[in-house]
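Notes follow the structure.
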Amino acid sequence: MKRILSTLLLVAILTVGVCGSLTSCGGGGTGGGGGAAADFEMPAGGFDTNTPITITFYHSMGAGLRDILDDAIADFKKLYPNITVEHQSFGDYDGVRDQIKTEVAVGNQPNIAYCYPDHVALYNEAGAVQTLDILMNDATYGFTAEQKADFVAGWLAEGAAFGDGKMYSLPLSKSTEVLYYNKTYFEENDLDVPTTWDEMEAVCRAIKAKEGDKCIPLGYDSESNWFITMCEQLGSPYTSATGENFVFDNAENYAFVKRFRSWYQDKLVTTKTLNSNAYTSNLFTGTATTGTRSYMCIGSTGGTVYQQPEQVNGVYEFEVGVAQIPQINPNAPKVISQGPSVCVFKKNNPQEVLASWLFVKFLTTDINFQASVSMNNGYTPVIKSAIENEHYQEWLATAGTSNVQALGVQMALAQAESYYASPAFIGSSVARDQVGLLLSACFASKASDAEIDAFIKSTFANAVSECKYQSGQ
Amino acid sequence: MSEVTKNVSETSAATLQTMRERDMQKVSAKQKIVKICVQTALYLFLGVMALIVLFPFYWMLVSSVKTMPEYIRPIPTLIPHTWDFHNYVEVFQNEDLLLGQLFANTLFVGVVSTLLSLIITVLSAFAFARLEFKGKNLLFAALLATMMIPGELFTITNYQTVNSFGWLNTFTVLIVPFLVSVFYIYLLKQNFQQVPNELYLAAKVDGTTDLKYLWKVMIPLALPTLISITILKMMGSWNSYMWPRLVANDEAHRLITNGLRTAFTSAEGVTDVPLQMAAIAVVSAPLFLVFVFLRKYIMKGVSRSGIKG
Amino acid sequence: MAEKNATLLGRVWQSISAFFKEKIWQGFCVNILYKKFDRYKGWIYLAPAIVLLLIFTVWPIFNTVRMAFLEGYTTMKDVRGDTFSFGLGNFTRVLEYKGFLTALKNTMLLTVLTVPISTFLALLIAVCLNSIKWFSRALQTIFFLPYVTNSIAIGMVFAAMFNMIIGGGARPDFIGVVNIVIEALGGEYINWMNEGAEYWAMITVMVVYIVWNALPFKILILLGGLQSVNKQYYEAAKVDATPRWRVFTRITIPLLSPMLAYVIITGFIGGFKEYSSIVGVFGESMRAPGDPTYTLDTMVGFIYRAISNQEGTASAAALILFVIILVVTMINLYVSKKKTHY
Amino acid sequence: MKVELQNLTKIFPSRNKKSGEEVVAVNNFNFTIPDGKLVGLLGPSGCGKSTTLYMISGLQKPSSGKIFFGDEDVTELTPENRGIGLVFQNYALYPHMTVKQNILFPLQNLRGADKLLKEEMLARAYEVAKLVQIDELMDRKPSELSGGQQQRVAIARALVKMPRVLLLDEPLSNLDARLRLQTREEIRRIQKETGITTIFVTHDQEEAMSISDVIVVMKLGVVQQTGKPQQIYDDPCNLFVAKFLGTPPINVFEGEVKAEKLYIGGECVLSVPGVADKAVYVGIRPEGFIPDENGGLSCEILGVDVMGRDVSIVSKNAAMLTPSVRSIVDADYSVAPDQKQIRYTLKPHKVFLFDKETEERIYFEVQ
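Chains as they are written, first to last, in the working numbering: chain A, 329 to 801; chain B, 9 to 317; chain C, 803 to 1144; chain D, 5 to 371.
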């Protein structure tokens, strides 16, 4: 033991010595794309179409989307034979983020990646993300005026919402939240589709009264979206990119949390977390087969396919209807804008960056790719030409229970004016997680009526301090 | 007077003798009953404990062949009504899983890293157990000290290191960084040390090289330990999760646990417990097979305390 | 000229190589290989292990210590070129953070609960296994079975056993097989790990799983110890008509004390590194659904999560964990030195 | 093969680093072992005898000095190149190999010109097995053999290479008393039959004296005396050697020499011509006493052991340094049951005088 101790002491002494000498040379081992690299400069001779070049693309596509991507890469290869695109799926957005985060730390990031705005903010902590302004506006390689105009304007602007006015990401495809409802049931019971939260409560209570224990009328997949959307609809503070970041701890927010909690306690609603981490679509479509059903479900248009009921003898169990989510003010609706964007990472070789840009440009402007992705899983294309495309319109026209994706897209397109996006900053994803957690925590709390206000207050306070801690403040 | 006393004491001695004998018989009969009771109690206790230990495995297997509606019956069926093997088929057909490739990758990484690890471990343990050199004890103490440090700590630095070597998404990165296990060296060193030093000296007198001595004497004598190290290492490869996920998560190099995780997390929604159980059963099966065939060695290796001779 | 140069160079080279051959090489052969080889042989055998350990263990340790003492260190900022002041900031930050204290509390609690329970159960089972005649081998095999499992995978099985499926009514749609057994025995079903589960219920689940997981190794070691105890001690005790429990406390336990010390010490170290079993049962979120914080977080869990965005904090927490393990192990060793009997 | 040790010295670095003292295990050992002899290295534990043996074997390198086998300097040679056979105290048989494999093992290591064919190896193995009479046990594992049998296997393994020198480390210490006698004879027989120069180490003087041609008595790394067993017994060069050899052990008294007369406890017991006046230690072999009513040395009788051939009288004397005075006298002599005192005269050649300071022998003329 004595020996081990003395060894440890030795190690400690050595360590302190080594540390002293290391503090000054922090990022010694990092390679290309470090913070030192200045803004992009177009290589003198333009794009080199002779030297073979390989670029990597990280995403979280499932098997179906990967096939579509492979096709798109093949098409791209015809345009630029010397560019090889390798791609890899990391399961989900967090998987992509964690992988890139580690890679950025050693200067080994991919060329292109799926991203959410707060991921961009995170990567930018190391200055690793390539701003796209020069590339985008380049006469030879940039967007043409038509292409630029082709984008749904609001979505393109999201890529520049990082405070400095520079473009950091391009939208790839978009999704939003919609209300799926059991059309058959609603018609049979002569129910109106709710447009406000008050109506929603009334409908839920009516259904609950009728169906009893075997029913939770509404499922809301994402607690975080619910919270953030409520803030948006109410106009109450949520987060701010400047000054104090986490401003969601306020009485207005307490009130809606308390209200929805009573819904949960009355078994009117459940969320993904509180549904044992299973998407509430399983209650809606009945695939959970626990006997408990729901008749409405608020979920992403990206997951529309899961809202499709099973077929019995070639007939769907019920017809699915899609509507806008309930609002506070139906005249000025607010719905969340989601879906993957792509960002390009800095590299020492400008040709690599340029090649990456060309591929990103291809993905965002290729009608075929944009439409295929949408038709596969219900995401909305980001360019109008894809939406207006004849085949796509034909597909949209078949919207119905047998083509739920199209139903979702139709709704998403119909509410184009109502989208909002939350500010992106370091810690914005923490805030997102925390408000979701606090919502489900308040829902699940067994606190009595007398205690609940205090409980909600303290849960909010904890969430704020957790946000501050996790974002390094 | 004294005559009488003597007589009395004689008789009493005799009675005492017979009484004692009777007692002995009684005692032995009683002992028998006690013994039977105790044995029954022992078996009962062990039986109950064994059931508790086995239950999760049983539940996994039984659940994996149930349909979801049967699984959630309020009174569970101990023997499934329906033997529904489609979960197993589905596990293998899952496009996101590519089970065959995952098995092959894992097996390759497991075998290669085990072999290399054994070589390194044997050489190191031999040096510590048999050779005399300056700084040996200090070095060994330092190695033991590293064992106390939670290994999770090494991840970020190691990631930087392997990246600067250009090893990302290769089999090398799955094999090399964890070849040395201080614990295995320690285990084998203890085992080697139980081999009397005279065997080494005798071999030296006979002109045996160190390597031949290792191969011919030490390794056969420590075989059970080596086998259990092999199994532990293989199990490690089979179960590793964090590191492979970080450094080699492309399809060509992905390992089994990661494959399962990726496949099941990206699948949207429903917790299909039977399907999940089937996947776990499939992944656990190889370890069980190894255990069934090498049970003796694993158990002996871990509990072996000395060599005969 | 060039040629002349070449020959000159050649000559120089020749003389150098001759010198090398005669003096250095011979010196090397005789001194290093022949005489000194014996002295350095140990290092040569250890070379592969040492090289790998230096790269993948020692360097990370240094680097960790370095990051721990650089206040607010993250690799991201480091890459960007930020400088960090040297100090204890990361440590105070960690120790003042509620989440860390939760992790610390859970780790301690789980260790303090599981080590005695599993050791006691393992001892009981080992002693029983050692004193039965039939099926001993078969039962040993059964008790060893959990040793060869993936703790994440079987954790998922345990989760399936304790989990309920909540429905639209007051009573869950499905209460889980464990609760079914409890109800069959006349008890009331318990919310073990679903939303709103009580802390003690979740801890109970973890204790059950960790004990289940820890038993095989301990049984094996203790049984091995029991089997190597000289039978003469027991025969001598029999001759003295020593009662069973006395044999157990006065002979078995003392003779087994080195093995007991071993399983307890390794149990404590393992306990402080608890992570994957909780991930297996509760998932990487380490909480019941609806908990706002990582209710069942452990030290290692905390470190893992911090690694992804707060390397300095992670390193500080890891060093704290290291010190705790060191202290506990030393206390253990000290006690076992006093209590083990040979 | 003659074995010659020249100024052989072995110094171990101290275990305790602070004190920095070195341990001299063997100090300046000079000795020549004649060809074909059986030599016993004798001494108490820690006297450096095993170190000497290991240096001869080559397992340890001497700090200084040289070792010759015949005329060949083997000091720098590794063990396998010296042509030695070594039998360890615990035999060091490979537990996982059969007797046959154990014996064959050294042969399989031979390289180059020495390399043997399989048949030759087997023939040699059986030959040597027959020599040590274990040819019946060739397929057993060491754990299935008795201690004596294991010992023979170990010797066979050492002999199979036909060594120039056979070294035995405490060959009898792991055997019980009966086997010890038997094996002792066996070793003697094998050595005589093979004629190999044999060196063995023991702490048991009886063992050493009974089979050795020559013994070397060592103490704390220094050779005390070498010679034939009887010669050393009869003529020890110092008190240590005198005390170490002989059963029952020698009796030691405080004595004084005055005017060439030796006094013990004030009584004149012997005339010692040529010795200067001084206080001395007096060593008297048990067989050096002759009961004589007129004898100079008087002792108080404590007990009498009759051992058949002769009688051992245990007595005490005020000047004795050993726990008692034990004399062995002719069986014809009888001690009366109530006799309390006895007087002895001494056989001069069984009486040794030693200097009180150096403990070296002081010689006197025996008339």
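Don't be surprised by glycine CBs; every beta carbon is placed ideally from N, CA and C. Note that the structure is a prediction, hence the values are computed from the model and not measured.
Endpoints, the alpha helix (DSSP H) within which residue i is located
i          : result
ILE1001(C) : Strictly speaking, residue 1001(C) in this sequence is Tyr, with Ile absent from that position. 1001-1030 is the extent of the alpha helix (DSSP H) around TYR1001(C).
LYS674(A)  : Careful: LYS674(A) lies outside any alpha helix (DSSP H) and carries neither H nor E.
MET910(C)  : 900-932
PRO110(D)  : 103-112
HIS94(B)   : 94-101
GLU131(D)  : 122-135
TYR58(D)   : 53-61
CYS543(A)  : Segment: none, CYS543(A) is in no alpha helix (DSSP H) and carries neither H nor E.
SER793(A)  : 777-798
Whole-angstrom C-beta distance between residue j and residue i, which should lie under 8 Å
i         : j          : result
GLY970(C) : LYS542(A)  : 6 Å
THR598(A) : LEU735(A)  : Between LEU735(A) and THR598(A) the Cβ distance is about 23 Å, and since that is not below 8 Å, they are no contact.
LYS796(A) : PHE574(A)  : 7 Å
PHE92(D)  : ALA210(B)  : 6 Å
ASN932(C) : LEU1025(C) : 6 Å
THR238(B) : LEU126(B)  : 7 Å
Any non-hydrogen atom of the ligand ADP closer than 7 Å to residue i Cβ
i         : result
THR909(C) : Annotation note on the ligand ADP: not contained in the displayed structure, which lists no ligands.
Cross-strand partners of residue i (DSSP beta bridge)
i         : result
SER68(D)  : THR13(D)
ASP309(D) : SER316(D)
ASN255(D) : ILE288(D)
ARG4(D)   : The requested residue 4(D) does not occur in the structure, where chain D is confined to residues 5 to 371.
LEU765(A) : According to DSSP, which records beta bridges pairwise, LEU765(A) is partnered with nothing at all.
THR524(A) : GLN655(A)
Continuous beta strand (DSSP E) stretch holding residue i: start and end
i         : result
CYS443(A) : 440-443
GLY44(D)  : 42-46
Chain C contacts from the stretch 196-228 of chain B (Cβ-Cβ distance under 8 Å)
Within the stretch 196-228 of chain B, the residues whose Cβ lies closer than 8 Å to some Cβ of chain C are ASP218, listed in chain order.
Threshold first: 4 residues or longer. Then list the alpha helix (DSSP H) segments lying entirely within the stretch 1076-1117 of chain C, N to C.
1078-1084, 1101-1109, all fully within the stretch 1076-1117 of chain C.
For the stretch 244-258 of chain B, list every residue whose C-beta sits within 8 Å of some C-beta in chain A, in sequence order.
LEU254, ASN257, ASP258
So if I threshold CB-CB distances at 9 Å, which residues from the stretch 424-450 of chain A count as touching chain B?
ASP426, GLN427, THR430, GLU431, ALA433, VAL434, GLY435, ASN436
Complete alpha helix (DSSP H) runs within the stretch 183-266 of chain B (minimum length 4 residues, chain order)
Runs of the alpha helix (DSSP H) inside the stretch 183-266 of chain B: 190-201, 205-213, 218-221, 231-247, 250-255.
Which runs of the beta strand (DSSP E) fall wholly inside the stretch 624-698 of chain A and span at least 3 residues, in chain order?
624-628, 648-651, 669-672
Please list the residues of the stretch 91-107 of chain D that have a C-beta atom closer than 7 Å to any C-beta atom in chain B, keeping them in chain order.
PHE92, ASN94, ALA96, LEU97, TYR98, PRO99, HIS100
Contact set between the stretch 533-552 of chain A and chain C, restricted to residues whose Cβ is under 9 Å from the partner:
LYS536, GLU539, GLY540, ASP541, LYS542, CYS543, ILE544, PRO545
Relative to chain A, which residues along the stretch 1092-1104 of chain C have a C-beta separation below 9 Å, given in chain order?
GLY1092, ASP1093, PRO1094, THR1095
Where the stretch 921-933 of chain C meets chain B: residues whose CB sits under 8 Å from a CB there
The stretch 921-933 of chain C vs chain B, Cβ under 8 Å: LEU923, LEU926, ILE927, CYS930, LEU931, SER933.
Contact set between the stretch 402-419 of chain A and chain B, restricted to residues whose Cβ is under 7 Å from the partner:
Residues passing the 7 Å Cβ filter: GLN416, PHE418, GLY419.
Under 9 Å, CB to CB, which of the residues in the stretch 769-781 of chain A have a partner in chain C?
Contact residues of the stretch 769-781 of chain A toward chain C are ALA769, CYS770, PHE771, ALA772, SER773, LYS774 (C-beta to C-beta distance below 9 Å).
Listed in chain order, which residues of the stretch 278-292 of chain B have Cβ atoms closer than 8 Å to some Cβ of chain C?
Of all residues in the stretch 278-292 of chain B, VAL281, GLN284, MET285, ILE288, VAL291, SER292 have a Cβ within less than 8 Å of some Cβ in chain C.
Fully enclosed by the stretch 340-370 of chain D, which beta strand (DSSP E) runs are 3 residues long or longer?
345-350, 355-359
Where the stretch 841-852 of chain C meets chain B: residues whose CB sits under 9 Å from a CB there
When C-beta distances to chain B are compared with 9 Å, the residues of the stretch 841-852 of chain C below that value are ARG841, TYR842, LYS843, GLY844, TRP845, ILE846, TYR847, LEU848, ALA849, PRO850, ALA851, ILE852, in chain order.
Identify every run of the beta strand (DSSP E) within the stretch 130-190 of chain D, keeping only runs that are complete inside it and at least 3 residues long; order them along the chain.
169-173
Any C-beta of chain A within less than 9 Å: which residues of the stretch 898-919 of chain C qualify?
Against chain A - using a Cβ distance shorter than 9 Å - the residues of the stretch 898-919 of chain C are TYR899, LYS900, GLY901.
Mind listing which residues of the stretch 59-87 of chain D have their C-beta closer than 8 Å to chain B's C-betas, in chain order?
SER61, GLY62, LEU63, THR82, PRO83, GLU84, ASN85
Length at least 3, wholly inside the stretch 196-238 of chain D: the beta strand (DSSP E) runs in chain order:
201-206, 218-223, 226-231
Taking beta-carbon pairs under 9 Å, can you tell me which members of the stretch 116-137 of chain B lie near chain A?
none
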